[in-house]
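1 is the number of the first residue of the sequence shown in the UniProt record's numbering; add one for each residue after it.
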Amino acid sequence: MTKIKEIIVVEGKSDTNRLKDCFGDVDTIETTGSALDKETVEQIKIANEKRGVIIFTDPDFNGNRLRTIIQKAVPNAKQAFLPRDKAVPKHSDGSLGIEHARDEDIKAALQAVYTRTDHDFQKYDQDDMVDLGLVGDPDSHQRRLAVGAELKIGYTNAKQFLNRLNMFQVVPSDLVAAVKNFDEGSTHDTN
């Protein structure tokens, strides 16, 4: 399957699932509906710096509103559009959405804007998290907080932290250095 370099900004989990159906291993940031908090906007900015982002929201009022907000925060973000008639639900009681589109329509919408990558990032796994003390250690919570702040990927629980390390393709030497900084006491101030 095609590997997309950029991180795709979508509205929700069902959109992510449809993209995974179409492309397999694809990374997304979900806005979780029409509300867009500062943390999510910051995550999108960082994603754009690291890998680039593609805004791919539903072709409705809320989708366009989100697109406008994100575009103001990240002016050089790539844009992918799905025509309204391609996002109609099978049942008349649903709303327009990417999750209703056919694979070929989703691929056509993204094909013009994504970048193929041959970069084969070696993903982190749970063993790496344990080895680095990011899980299963009395200081794991504080370590993730400090490391997340230093790497500018934010703080989350262990499972989501692992997902962010992989999504942002954090370089192993940067991760090890951030853990070392915490262990040496230089990043204990996380505010």
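For each residue, glycine too, the CB sits at the ideal point set by N, CA and C.
Item	Value
contact_flag[the region 127-141, the region 94-114] where n(CB pairs < 8 Å) is 3 or more	no
Residue burial classification, residue 75 (beta-carbon count within 10 angstroms, cutoff 16)	exposed
For residue 143, three-class secondary structure by DSSP	helix
Runs of beta strand (DSSP E) lying entirely within the UniProt domain "Toprim" (5-89), each at least 3 residues, in chain order	7-10, 28-30, 53-55
Neighbourhood of residue 45 by C-beta, 7 Å cutoff - its chain only, sequence neighbours within 5 removed	73, 74
Collapsed DSSP secondary structure at residue 164 in the structure displayed	helix
Sub-8 Å separation of residue 82 and residue 34 beta-carbons	no
Best match in 144, 86, 84 for proximity to residue 193 [C-alpha to C-alpha]	No information on residue 193 is available, as it lies outside the stretch 1 to 191 that the chain covers here.
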